[in-house]
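Residue numbers (this note's numbering), protein chains in the order written: chain C, 4 to 460; chain S, 1491 to 1862. Okay, so here's the structure we're looking at.
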Amino acid sequence: MSIGGSDLDRAITQLRACKPIPENQVRELCYKARELLIEEGNVVGVDAPVTICGDIHGQFHDLMELFRVGGDVPDTNYLFMGDFVDRGFYSLESFLLLLCLKVRYPDRITLIRGNHESRQITTVYGFYDECLRKYGSVNVWRYCCEVFDFLALGALVTGAATSLTPTDGPIAESIQSMDIPDADCDIEIETLNAQGEIMYRYARNSDSQSSAASQANSNAASSSPIAPTPSNTGPAGTGATSSANGSSKSETGAVLCVHGGLSPLIDTIDKIRLLDRKQEVPHEGAMCDLLWSDPDEIDGWGLSPRGAGFLFGADIVKCFNHKNDLSLIARAHQLVMEGFKEMFESTIVTVWSAPNYCYRCGNVAAILELGEDGSNAGFVRRGNGERGGGGRGWVLGSNDGPNANGMSNENRRLSSVLGDSMGRPRDGPGRRYRVFEAAPQDSRGMPAKKPVADYFL
Amino acid sequence: MAAKEIPDLRTLLGPRRGGGLRGRGGGRGGFGTSHEEKEAVRDSAVRGTDQDAAGSRVSCVELGYLDDPYAELFATQASTRRLPLLNRGTYVRTSAIDNLVDRFLTTSPTSPKQVISLGAGTDTRFFRLKDKYPNAQLIYHELDFSSNTTAKLHSIRKHSQLHQKLPTNTHPLSPQSDSYHSPIYNIHPLDLRSLAASSSDTPPPNLPNLDPSVSTLILSEMCLIYLQASTVSSILKTFLTHYLSPTTPASLILYEPILPHDAFGRTMISNLSTRNIVLPTLTAYPELGDQRMRLKQCGFIDGYKGADTRFIWRNWVSEEEKERVASLEMLDELEELELLLRHYCVAWGWRDSASGEKDVFSKAWEDTREQV
């Protein structure tokens, strides 16, 4: 049989109910997925608005909770930064569902590779055993691993707005409403709980409230010391500025999304594009580092206690962001109890999307929403839709008309030629974090056989 | 296929799946069960924790974390490879306690010493110490539920590597026996709670070969944590005043979880309770400081120290050894490991002899670095 059209929808329905699909369908699905993924570059271009997600780790019911909180595919444009499998009990269902959605809505969901999307790691951390248990053979594991080899290594989000349209939601009970900046301010960060209530809101410094583009350009929100290494030519994210055209206030750089972090072997995004990714994750080298490294409070590079990848400090991030005209690196890979963690003056953020990780850690999870800056044509805008009006005007879930921005890249290239932002730190994109907890225990249908040594007894 | 060639599938099931916990009625803690039944379910769950520990130990040995030729001889379930973070945790736990025990045994090495291991289960420490310190004047006691001591003695009888370590001219290892006594090694089958219940009318049970005057180290690795705080205090009092004379140098090493009130701790309590495992003293002594104070209040007035296992990994393990351990497995669960290690501690306290002079424990442990 072939999986496509209504078959695919049927598979999606079945997987949404957390039921595995038959082996022959998995084979077909993986074949289709590979055909699709092989066309993607090592660094996938993604237009804002987009919702960026971190590790899932087979926590299927929590993935459903994520979709409930963040909106469903294809209504919401998703970017998952890897680690779909291992540790949780439902790696198979989680990964296959994401893969089905990818095949069904290729422009509405982006999957990049995590360090667990690897033959070696999955044999230690559970996905291999799970496939063997659920199918009685390792064929499905093999099919999935072949897909892993084709997953992109990173994504580059362009067209994100510098400010958020404030959520028109209630303020969470636990919050003092006087701490919440007025919705008229230029909102840089907003944190919402799973009910959509506002838990936190942060306004950018008052200069940027102005609608004048020139003022916005001179606004330095971050005082980060940038190493003076500007040598930028070429298209967005490759070292040139990727800003929207000069008349727009929404002047954020691109956002690089990668599972782990940076590599001492990679100083430009173009170098990622040149890697031969279609292989098992190597034990060392640039590809390994991108999937394994972690930011840390150190200077320069350090050895990683994980035994793969490196630690990298604020100076490395700031230099890389500047050189590649990035305003932010979004990455996953590390458990953070609060679901997300910004570091190094908001030049890098860790997003973690597996609540109560391993059913043990007690953490909350988060997803990161980036709005569109309005330079992309064809999106519904709210209110007056005024250009340069602080980037507000994107509407959550109103993203009908994906990839309708034929001209924006040209504009960006032009603006880079104009050289409007050399040596100046960029405003980060407006960031909305939705924080959520684990799906309730009883909806999870925990298997009777719990893992043996959860704790030291 | 001949009948005897058909594998017995039940033997492939671990005890956790095949019987034990599963076989009981009433489900998870069960509604409608009486207090006694609940207690029985909990007791059985606590007894079952020992095979957890045994399996973790075997996993560590097979991967090279620990050198323990005896671990596999006691494990009854087929070895399953544990996750790297659990292996690392087991390594830290075992080597931390080894460190303290080694310091004790190597201080005044010719003087006689006694170790009392509470809830010892399948622990292999006696056999390892016998190899490492063949000339030590050591009297070793293990206390545990009769079902656990029976199983342990069964393993000892079965494996010559084990029973040849024991003196040949003493109490024979008779089948079905749940106790063993000799001048160097003793296994006492008893419910620790019986030591707390004693009064002048019902004195504590006799523990053969326990010497009241020899410097004594009491070990509780995930043992006393399963009992009520008041029971624990009574048990310790029984040891410090009844079994040992009040002037005998004595010490206690605890290994148990801490920090029950943060997100990880709350999740731990809730997860373990679904396995019918309750940790009453965890909330009674939630932090390191509480552990130290409790040691002092118990009578270990000459020293009361504590460190979580994260601190111990960082500060007790040499760089060389860290490197060796880190190279055994790729460890991807770093943040989780840190969380886990922060939630377990080793606490150790001691009293010297009444003379006021520094005695064996002060000499052994005074310089051991604790977490400040």
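Every residue, glycine too, gets a C-beta built ideally from N, C-alpha and C.
Contacts around C/Cys21, its chain only, beta-carbon distance under 7 Å, and the 5 residues preceding and following it disregarded: Here residue 21 of chain C refers to the residue found at position 18 of the first sequence. Answer for C/Cys21: Phe63, Tyr93 and Glu96, listed in chain order.
For S/Val1605, write down the residues that DSSP places opposite it in a beta bridge. Translated into the one-based positions of the second sequence, residue 1605 of chain S becomes position 115. S/Val1605 pairs with S/Tyr1630 and S/Leu1707.
For S/Ala1816, which residues in chain C fall below 8 Å Cβ to Cβ? Translated into the one-based positions of the second sequence, residue 1816 of chain S becomes position 326. Per Cβ cutoff of 8 Å: Pro308 and Gly310.
The alpha helix (DSSP H) spanning S/Met1758 covers which residue range? By 1-based counting over the second sequence, the position of residue 1758 of chain S is 268. Residues Ala1753 to Ser1763.
Under 7 Å between beta-carbons, which chain S residues line up against C/Asp457? List them in chain order, please. Indexing the first sequence from 1 puts residue 457 of chain C at position 454. Under the 7 Å cutoff, chain S gives Asn1761.
What in chain S is Cβ-close to C/Met340, meaning under 9 Å? To locate residue 340 of chain C, count along the first sequence from 1; it is residue 337. Neighbours of C/Met340 on chain S, chain order: Asp1752, Ala1753, Phe1754, Glu1825 and Leu1829.
Determine the chain S residues that contact C/Gln62 at a beta-carbon separation under 8 Å, and present them in chain order. As a working note, residue 62 of chain C is residue 59 in the first sequence. Within 8 Å Cβ-Cβ: nothing; C/Gln62 doesn't reach chain S, min ~14 Å.
Would you please state the rounded distance, in angstroms, between the beta carbons of S/Leu1730 and S/Gly1789? I believe it to be under 8 Å. Walking along the second sequence from the start, residue 1730 of chain S turns up at place 240. Walking along the second sequence from the start, residue 1789 of chain S turns up at place 299. At roughly 5 Å, the Cβ-Cβ gap stays under 8 Å, so S/Leu1730 and S/Gly1789 are in contact.
For chain C, check one thing: does any of its Cβ atoms lie closer than 8 Å to the Cβ of S/Asp1822? For this step, residue 1822 of chain S is matched to residue 332 along the second sequence. Answer yes: the Cβ-Cβ gap between S/Asp1822 and chain C drops below 8 Å somewhere.
Tell me whether C/Gly388 is buried or exposed, calling it buried when 16 or more other Cβ atoms sit within 10 Å of its Cβ. As a first step, residue 388 of chain C must be located in the first sequence, where it is residue number 385. With a pLDDT of 31 at C/Gly388, under the threshold of 50, the modelled position of this residue cannot be trusted, and the question is left open.
Can you tell me whether C/Val2 is helix, strand or coil according to DSSP? Here chain C covers residues 4 to 460 and nothing more, so residue 2 of chain C does not appear.
What is the rounded straight-line gap between the Cα of C/Leu156 and the Cα of C/Ala335? Looking up residue 156 of chain C in the first sequence gives position 153. Looking up residue 335 of chain C in the first sequence gives position 332. Using only the alpha carbons, I get a separation of about 13 Å.
Rounded to the nearest angstrom, how far is the Cβ of S/Ala1626 from that of S/Pro1599, given a contact under 8 Å? By 1-based counting over the second sequence, the position of residue 1626 of chain S is 136. By 1-based counting over the second sequence, the position of residue 1599 of chain S is 109. Their Cβ separation, rounded to whole angstroms, is 7 Å, which keeps S/Ala1626 and S/Pro1599 in contact under 8 Å.
Answer yes or no: do C/Val76 and C/Arg111 have a C-beta to C-beta separation smaller than 8 Å? As a first step, residue 76 of chain C is located in the first sequence; it is residue number 73 there, counting from the start. As a first step, residue 111 of chain C is located in the first sequence; it is residue number 108 there, counting from the start. In contact: C/Val76 and C/Arg111 (Cβ atoms closer than 8 Å).
Find the nearest neighbour of C/Val342 within the set C/Gly57, C/Val53 and C/Leu331, judged by alpha-carbon distance. Here residue 342 of chain C corresponds to residue number 339 of the first sequence, with the count starting at 1. Correcting the residue type first, residue 342 of chain C is Gly in the shown sequence and not Val. The shortest C-alpha separation from C/Gly342 is found at C/Gly57.
Where does C/Gly342 fall in DSSP's three states? The count along the first sequence starts at 1 and reaches residue 342 of chain C at position 339. Coil, per DSSP.
Judging by CA-CA distance, which residue of S/Ser1534, S/Leu1700 and S/Lys1655 is the nearest neighbour of S/Ser1735? In the second sequence, the residue the question calls residue 1735 of chain S occupies position 245. For S/Ser1735, the nearest C-alpha among the options comes from S/Leu1700.
What does the Cβ neighbour count give for S/Val1862, buried or exposed, with the cut at 16 atoms within 10 Å? In the second sequence, residue 1862 of chain S corresponds to position 372, counting from 1. Exposed is the call here.
Along the alpha helix (DSSP H) that carries C/Asn324, what are the first and last residues, could you check? Stepping through the first sequence from its first residue, residue 324 of chain C is reached at position 321. Taken as a continuous stretch (DSSP letters only), the alpha helix (DSSP H) holding C/Asn324 covers Ala317 to Lys326.
I think S/Lys1655 touches S/Phe1594, with their Cβ atoms under 8 Å apart; what is that distance to the nearest whole Å? Along the second sequence, one-based indexing puts residue 1655 of chain S at 165. Along the second sequence, one-based indexing puts residue 1594 of chain S at 104. At roughly 20 Å, the Cβ-Cβ gap does not stay under 8 Å, so S/Lys1655 and S/Phe1594 are not in contact.
Just the C-alpha distance for C/Phe83 and C/Pro25, rounded to the nearest angstrom, thanks. Position 80 of the first sequence, counting from 1, holds the residue named residue 83 of chain C. Position 22 of the first sequence, counting from 1, holds the residue named residue 25 of chain C. Going from the Cα of C/Phe83 to the Cα of C/Pro25 covers about 25 Å.
Against chain C, does S/Arg1583 count as a neighbour if the rule is that its beta carbon must be under 8 Å from one of theirs? Numbered from 1 along the second sequence, position 93 holds the residue referred to as residue 1583 of chain S. It does: the Cβ of S/Arg1583 has a partner Cβ on chain C nearer than 8 Å.
Going along the stretch 1833-1853 of chain S in order, which residues come within less than 8 Å of chain C, judged by CB to CB distance? Tyr1834
Counting beta carbon pairs with one atom in the stretch 1710-1720 of chain S and one in the stretch 1756-1776 of chain S, are three or more of them shorter than 8 Å? yes
Check this for me: beta carbons of C/Gly310 and S/Leu1821, under 8 Å apart or not? Taking the first residue of the first sequence as 1, we reach residue 310 of chain C at position 307. Taking the first residue of the second sequence as 1, we reach residue 1821 of chain S at position 331. Cβ distance < 8 Å, so C/Gly310 and S/Leu1821 count as in contact.
Should C/Glu300 be labelled buried (16 or more other beta-carbon atoms within 10 Å of its own) or exposed? On the first sequence, position 297 is the one that residue 300 of chain C refers to. Exposed, since its Cβ has fewer than 16 Cβ neighbours within 10 Å.
Tell me which residues share the same chain as S/Leu1707 and place their Cβ nearer than 6 Å to its Cβ, disregarding the 5 neighbours each side in the sequence. If you number the second sequence from 1, residue 1707 of chain S lands on position 217. These residues qualify, in order along the chain: Phe1594, Val1605 and Ser1741.
Would you call the stretch 118-125 of chain C and the stretch 281-295 of chain C touching, i.e. three or more CB-CB distances under 8 Å? yes
What residue does the beta strand (DSSP E) around S/His1678 start on, and which one ends it? If you number the second sequence from 1, residue 1678 of chain S lands on position 188. Where S/His1678 is concerned, the enclosing beta strand (DSSP E) stretches over Tyr1675 to Pro1679.
Does the beta carbon of S/Gly1579 sit closer than 8 Å to a beta carbon anywhere in chain C? Here residue 1579 of chain S is taken as the residue at index 89 of the second sequence, counted from 1. By this cut-off, S/Gly1579 is an interface position.
Answer yes or no: does any C-beta atom of chain C fall closer than 8 Å to that of S/Thr1566? Position 76 of the second sequence, counting from 1, holds the residue named residue 1566 of chain S. Chain C contact via Cβ: absent.
Against chain S: residues of the stretch 21-49 of chain C by CB proximity under 7 Å: none
Quick one, which residues of the stretch 333-362 of chain C are near chain S if we go by CB-CB under 8 Å, in chain order? Gln337, Leu338, Val339, Met340, Asn359, Tyr360, Cys361 and Tyr362
For C/Ala357, tell me which candidate among C/Val141, C/Glu200, C/Val438 and C/Leu100 has the shortest Cα-Cα distance. Numbered from its first residue, the first sequence carries residue 357 of chain C at position 354. Minimum Cα distance to C/Ala357 is reached at C/Val438.
Secondary structure of S/Ala1641, DSSP reduced to three states: Here residue 1641 of chain S refers to the residue found at position 151 when the second sequence is read from its first residue. Reduced to three states, the DSSP call for S/Ala1641 is helix.
Please name the residue, chosen from S/Lys1727, S/Thr1640, S/Arg1800 and S/Ile1677, that lies closest to S/Ala1687 on a Cα-to-Cα basis. Counting from one through the second sequence, the residue named residue 1687 of chain S turns up at place 197. The residue with the shortest Cα to Cα distance from S/Ala1687 is S/Lys1727.
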